[in-house]
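Asker: Sharing a structure here in C-alpha cells format.
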Amino acid sequence: MQTLQPVPILVAPVGRRFRVDLIGLMGLGIALVIGYDIFSERVSGGVDVLLVVVGFVFGARMLRHLDAPGLRAELSWLARRLLPPLVVVLTICTALTVVVQPQTRWETFADQTLASLGFYQNFQLVNSAADLLQASEAVTPLQHLWVVSVLGQFFVFLLVLAALVTMLTRAGRARRTVFVALAAVAMAASFAYAVTMQSSNQLLAYYSSVSRAWELLAGVLAAAIVARVHWPTWLRTVSAVVGLAAILACGPLIEGSLEFPGVWALVPVVATLLVILSGAQGETPAHRMLAAPPLVVAGTLAYGLYLWHWPLLIFWLAHINDDAVGPVDGGLVVLAAVIAAALMWRLIETPWRVPHHPGLRRALAVPTIAVLIVMLTLSSFAWRGHVAAARATGAELSTLPLRDYPGALALVEDRKVPKLPMRPTALEASDDVPPATVDECLADFAGEDVVTCVYGDPKAERTIALAGGSHSEHWLTALHLLGRQHGFKVATYLKMGCPLTTKEVPVLAGAFKPYPACRTWSDNALARIIADRPDYVFFTTTRPILNGPGDYVPDYYLGIWDQLSDNGIPILGMRDTPWMVRDGMFFSPVDCLSAGGDAETCGLTRREALSDRNPTLRHLPNYPTMAPLDLSDAVCRPDTCRAVEGNVLVYHDAHHLSATYVRTLVDELGRQLAEATSWW
C-alpha cells in the first residue's frame, strides 16, 4: 500500500503555510470520537473539535474563492470528497445488514440510508425520537452519519451565502468583509439557538445543523483572522497547552450528550480555536506533538475512520449479541476501522480528490457511483414498501378471533391453540402499540408538562387514572375496553420512560442516563392527579432487578404511595410484567424470532424475570387503600416467560406487551379489577 500523504491544510488568505499540526489536531479529534464511542458511555467533545477544524479548512478555501468560478469549483470539490466514500460505506453496510441483522431492523436502516444520501439524517433522527444512546447491537449502524448530514447542510449554506455575497458585492476586500460579517452574525444566532434548544428540546439541539452551525462558523472566522494573529511566543505556548488540556479534559469532566451543544460546548470549541490560532506564527511544543506521525495519519484518514468505526462496532455487537466490547475485541474493531479507512483513502478518497488522477477512470467511476446511489435508493424504497404492505393487514389485529388466537387465554383458561402463524408478525410488531402512543397522548422524553386524554366511557362518572411510564401505558388497551364494557373512564397521565417517582434524579432505564425531566413531570402529574381526585390511580408497583434475578419495589415509589394515601386516593397497584433482560442487557424477542429463534429460546426463564412472590404484597399493611393486581400467570408459564403464547406475540419490543396480547388479557384483568373495585 502506498505511503499515506497528508492532505495539505493551508492558512488563508494571506501567508499560506502548510499546517501539519492541524492534520494532527483532526487526528486527535477522531481518536477521541472513536475511543469514547467504542469504550465509553460518555461523549468526548471530539466531534466538536472536528467541526471547528473542518469549518476552518472549508472557510479558508471559501475565502480564497469568493467568485462564481471558485464557488463552482468548491461545490465540485465537496461532491468528490463527501459522496464516493459515503456511498461505498452505505453499500457495504447494506450488504452486512442483510447478512447480520434481523429483518426487523431493515426498515430503520432503509430510512437512514435514504436520509444519509439526502444529507438530512440528523433531522430524521430527531423526528424518529432517537435517543442519545451509547452503542449497542440494536442501534442502527448508520446513526453516526448525522454528523455528515450536518456538514453537508452547512457546506450548502456557506456556498449559498458566498454566492449571494458574490452577486451583491464587488470583488476585493469589501466582498470578504461582508462575507465574514454575515458569518459572524450567523454564528451568534446559531449559538443563541443552541443554548435555547439545549434546555427546551435537547434532542433537537444535539442533532440540528442550526444549533451545530456555530461550531463550524467559529472555524470559518478563525480562518478569516488567522493571518493577522501576532502573539508573543510565551502566549502562543501557553494557549496551545491550555487548548490541548481542555480538549482532553472534555470527555472525563463534561456529560456531553446532555450538555452539548450548549454553553459547555464552548470548552472544546474555544480550546480548538486556541490551538489553531496559537500555531499561526509557527510551532510550539504542543503543535510539534500534534504533528507526530500517528496523529497525522489519523487526521489524514479522519473521514474514513469516522465513516467506518461505528458500523464495524455495531455489526460486531450484533455478531456477539452483546451491548459492549472489551479491550481485546474493541481494539480489533479499531484496527479493522483503520484498515478499512486506509484502503478507502488509497482506492477511493485520493483518486476522487486529485483531479486527473491516473488511477481514476471517471468515465467508469462517475456512472458507478451514480448506479450505487440509484440501487441504494430503490432498494430502500422497495423494502419500505414491503413493510408497509405487511403492516396494512395490521388493522385486523383488533378483530382476530380468540378461537384461533387465544393469547393469554391459553395460559389462564388452557384454551386449545391451533397451528397458525404468529400475529402480529415480526414486521407488524412495532405498530402494535397502545392507543395513547397512536394518539401521541403522552409527554415525550423532554416534556415536563402533563398531557391527559380520556379513554373507556368518557361520559362515565367513575374514573381510573392511568399514570406513569410506558409500562403503565401498555395496560391502556385492556382498560379502554373494560371501561366501555363496565362504564368507567380512563384518564391518562403518561410520560415516556417515566414512572411516578420521588427519586431526586431519575435514570432512564436501559440508557442508564440521568433523566431530570422525569422528576419534574412526576411532581406535576402527581399534583394534577390529586387535584382531579379520580376514584382509583392505576400504575405499576414493581421493577425488574436488571443486574440479577427477580423484581422489587423501589424506595422511590413509596413516597408516591404515601402522598396518594394521605390524600385518600385508592391505588390499583399492578405488578410489572417481565422485562426481557439477560445478564443485565435487554434483548428483543421480535428480533430473536426474526433471526430464526422460537418461542422458548426467544423467551426468558420465569425465575430470572420474577421473584417467587409479588414484592408489592409485603408493603400492603402500610397501604390499606392499595389493591394489588398481578397478571404474571397470564404472561408467563410456571417455569418460562415465552415470546409467543396462544399464537400471539407477547412483546412488541424488549419489554412492552403487544396491544394484541393485552386484548387477550381483558377477561383476567377485568376479573381482578372487579374484586378490587366491586364495580361489577
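For the sequence shown, the numbering used here assigns the number 141 to the initial residue and increments by one for each residue that follows. For each residue, glycine too, the CB sits at the ideal point set by N, CA and C.
1. In or out: Thr-765 buried (at least 16 other Cβ within 10 Å) or exposed?
2. Counting along the chain, where does the alpha helix (DSSP H) carrying Ala-767 start and finish?
3. Taking only three categories from DSSP, how would you classify Met-429?
4. Using 10 angstroms around the beta-carbon of Asp-572, count the other beta-carbons present and answer buried if the total reaches 16, otherwise exposed.
5. When DSSP labels each residue in this structure, what does Thr-412 get in the three-state scheme?
6. Is Ser-268 buried or exposed, if buried means 16 or more other CB atoms sit within 10 Å of its CB?
7. Flag this pair as yes or no: are the beta carbons of Leu-430 and Ala-477 separated by less than 9 Å?
8. Could you give the first and the last residue of the continuous alpha helix (DSSP H) run that contains Gly-786?
9. Just list the alpha helix (DSSP H) runs in the region 666-694, keeping only unbroken ones of 4 residues or longer that don't cross its boundaries, in chain order.
10. Can the beta-carbon of Thr-617 be found closer than 9 Å to that of Val-802?
11. The beta strand (DSSP E) that contains Tyr-633, what's its start and end?
12. Which of the three DSSP states is assigned to Gln-274 in this structure?
13. Going by DSSP, what residues sit across from Ala-464 in a beta bridge?
14. Nearest CA to the CA of Thr-632: which residue from Ser-349, Thr-336, Pro-574, His-626?
15. To the nearest angstrom, report how far apart Arg-602 and Ala-816 are at their CA atoms.
16. Determine, using beta carbons only, whether Val-645 comes closer than 9 Å to chain C.
17. On the DSSP letters alone, give me the boundaries of the beta strand (DSSP E) that Gly-713 sits inside.
18. Excluding five sequence neighbours on each side, which residues of the same chain lie with their C-beta closer than 8 Å to the C-beta of Val-645?
19. Looking only at C-alpha atoms, which of Ile-170, Pro-598, Arg-782 sits nearest to His-626?
20. Give me, in chain order, the residues of the same chain whose beta-carbon lies closer than 8 Å to that of Glu-808; leave out the 5 immediate sequence neighbours on both sides.
21. Span of the beta strand (DSSP E) holding Gly-175?
22. Report the three-state DSSP secondary structure of Pro-654 (helix, strand or coil).
23. Specify the secondary structure class of Met-139 as computed by DSSP and reduced to three states.
24. Going by other Cβ atoms of all chains shown within 10 Å of its Cβ, with 16 needed for buried, is Asp-251 buried or exposed?
25. Determine which residues share a DSSP beta bridge with Tyr-595 and list them.
26. Check for me: the alpha helix (DSSP H) holding Gly-131 runs from which residue to which?
27. Please tell me whether Gly-608 and Phe-679 are closer than 9 Å, where the distance is taken between their beta carbons.
28. Which value, in whole angstroms, describes the spacing of the CA atoms of Asp-675 and Gly-466?
29. Tell me which residues share the same chain as Val-335 and place their Cβ nearer than 8 Å to its Cβ, disregarding the 5 neighbours each side in the sequence.
30. With C-beta atoms as the reference, is Val-288 less than 9 Å away from Ser-256?
31. What separation, rounded to the nearest whole angstrom, lies between the Cα atoms of Leu-203 and Ala-364?
32. In chain order, what residues of the same chain lie with their CB nearer than 7 Å to the CB of Trp-286, ignoring the 5 residues before and after it?
33. In whole angstroms, give me the CA-to-CA distance for Val-154 and Arg-201.
34. Report the three-state DSSP secondary structure of Glu-808 (helix, strand or coil).
35. Taking all protein chains shown into account, do 16 or more other C-beta atoms lie within 10 angstroms of the C-beta of Leu-172, making it buried, or fewer, making it exposed?
36. Would Ala-735 and Pro-242 qualify as a contact pair, given that the criterion is a beta-carbon distance under 9 Å?
Answerer: Let's see:
1. Taking the first residue of the sequence shown as position 1, residue 765 is located at position 625. Thr-765 comes out exposed.
2. Residue mapping note: residue 767 aligns to position 627 of the sequence shown, counting from 1. Premise fails: Ala-767 lies in the beta strand (DSSP E), 766-769, not in any alpha helix (DSSP H).
3. By 1-based counting over the sequence shown, the position of residue 429 is 289. Met-429 falls in the helix class under three-state DSSP.
4. For the purposes of this step, residue 572 is identified with residue 432 of the sequence shown, where counting begins at 1. So Asp-572 ends up on the buried side.
5. Translated into positions along the sequence shown, residue 412 becomes position 272. In the structure shown, Thr-412 sits in a helix (DSSP, three-state: H, G or I).
6. Working through the sequence shown from its first residue, we reach residue 268 at position 128. Under this definition Ser-268 is an exposed residue.
7. In the sequence shown, the residue the question calls residue 430 occupies position 290. In the sequence shown, the residue the question calls residue 477 occupies position 337. Their beta carbons are not under 9 Å apart, which means Leu-430 does not touch Ala-477 by this criterion.
8. Taking the sequence shown and counting its residues from 1, the one referred to as residue 786 is at position 646. Segment: none, Gly-786 is in no alpha helix (DSSP H) and carries neither H nor E.
9. none
10. Within the sequence shown, numbered from 1, the residue matching residue 617 stands at position 477. Within the sequence shown, numbered from 1, the residue matching residue 802 stands at position 662. Cβ atoms of Thr-617 and Val-802: closer than 9 Å.
11. Position 493 of the sequence shown, counting from 1, holds the residue named residue 633. Residues 629-634.
12. Position 134 of the sequence shown, counted from the first residue, corresponds to residue 274. Note that Gln-274 has pLDDT 44, beneath the 50 cutoff, so the model's placement of it is unreliable and the number below is only indicative. Of the three classes helix, strand and coil, the one that applies to Gln-274 here is coil, per DSSP.
13. Reading the sequence shown from its first residue, position 324 is the one you call residue 464. In DSSP, Ala-464 forms no bridge with anything.
14. For this step, residue 632 is matched to residue 492 along the sequence shown. When only C-alpha atoms are compared, the closest one is Pro-574.
15. Stepping through the sequence shown from its first residue, residue 602 is reached at position 462. Stepping through the sequence shown from its first residue, residue 816 is reached at position 676. Answer to the nearest angstrom: the Cα atoms are 14 Å apart.
16. Any reference to chain C falls outside this structure, which holds one protein chain only.
17. In the sequence shown, the residue the question calls residue 713 occupies position 573. Taken as a continuous stretch (DSSP letters only), the beta strand (DSSP E) holding Gly-713 covers 711-714.
18. Within the sequence shown, the letter at position 505 stands for residue 645. For Val-645, where only same-chain residues beyond five positions count, the Cβ hits under 8 Å are Pro-654, Tyr-655, Pro-656, Arg-659.
19. As a position in the sequence shown, residue 626 is number 486, starting the count at 1. That would be Pro-598, whose Cα lies nearest to the Cα of His-626.
20. Along the sequence shown, read from residue 1 onward, the residue named residue 808 stands at position 668. Excluding residues within five positions, the ones whose Cβ falls inside 8 Å are Ala-548, Val-552, Leu-771, Ala-774.
21. If you number the sequence shown from 1, residue 175 lands on position 35. It is not in any beta strand (DSSP E) - Gly-175 instead sits in the alpha helix (DSSP H) that spans 160-179.
22. Indexing the sequence shown from 1 puts residue 654 at position 514. Correct three-state label for Pro-654: strand.
23. For residue 139 there is no data in the structure shown, the boundaries of the chain being 141 and 820.
24. Indexing the sequence shown from 1 puts residue 251 at position 111. When all chains shown are included, Asp-251 counts as buried.
25. The sequence position of residue 595 within the sequence shown is 455, counting from 1. Val-630.
26. Outside the modelled stretch of the chain, which goes from 141 to 820, sits residue 131, for which no answer is possible.
27. Taking the first residue of the sequence shown as 1, we reach residue 608 at position 468. Taking the first residue of the sequence shown as 1, we reach residue 679 at position 539. Contact: yes.
28. In the sequence shown, residue 675 corresponds to position 535, counting from 1. In the sequence shown, residue 466 corresponds to position 326, counting from 1. Looking at the two C-alpha atoms, the distance is approximately 52 Å.
29. Indexing the sequence shown from 1 puts residue 335 at position 195. So the qualifying residues of the chain are Gly-402, Val-403.
30. Along the sequence shown, one-based indexing puts residue 288 at 148. Along the sequence shown, one-based indexing puts residue 256 at 116. In contact: Val-288 and Ser-256 (Cβ atoms closer than 9 Å).
31. For the purposes of this step, residue 203 is identified with residue 63 of the sequence shown, where counting begins at 1. For the purposes of this step, residue 364 is identified with residue 224 of the sequence shown, where counting begins at 1. Taking the straight line from one Cα to the other gives about 7 Å.
32. Stepping through the sequence shown from its first residue, residue 286 is reached at position 146. Once the five neighbours on either side are set aside, the close Cβ partners of Trp-286 are Gln-261, Asn-262, Leu-265, Tyr-347.
33. The sequence position of residue 154 within the sequence shown is 14, counting from 1. The sequence position of residue 201 within the sequence shown is 61, counting from 1. For Val-154, the predicted model reports a pLDDT of 38, less than 50, meaning its position is unreliable and no value from the coordinates is stated.
34. Taking the first residue of the sequence shown as position 1, residue 808 is located at position 668. The answer is helix: DSSP assigns Glu-808 an H, G or I state.
35. Taking the sequence shown and counting its residues from 1, one reaches residue 172 at position 32. Buried: at least 16 other Cβ atoms inside 10 Å.
36. Within the sequence shown, the letter at position 595 stands for residue 735. Within the sequence shown, the letter at position 102 stands for residue 242. For Ala-735 and Pro-242, yes; Cβs fall inside 9 Å.
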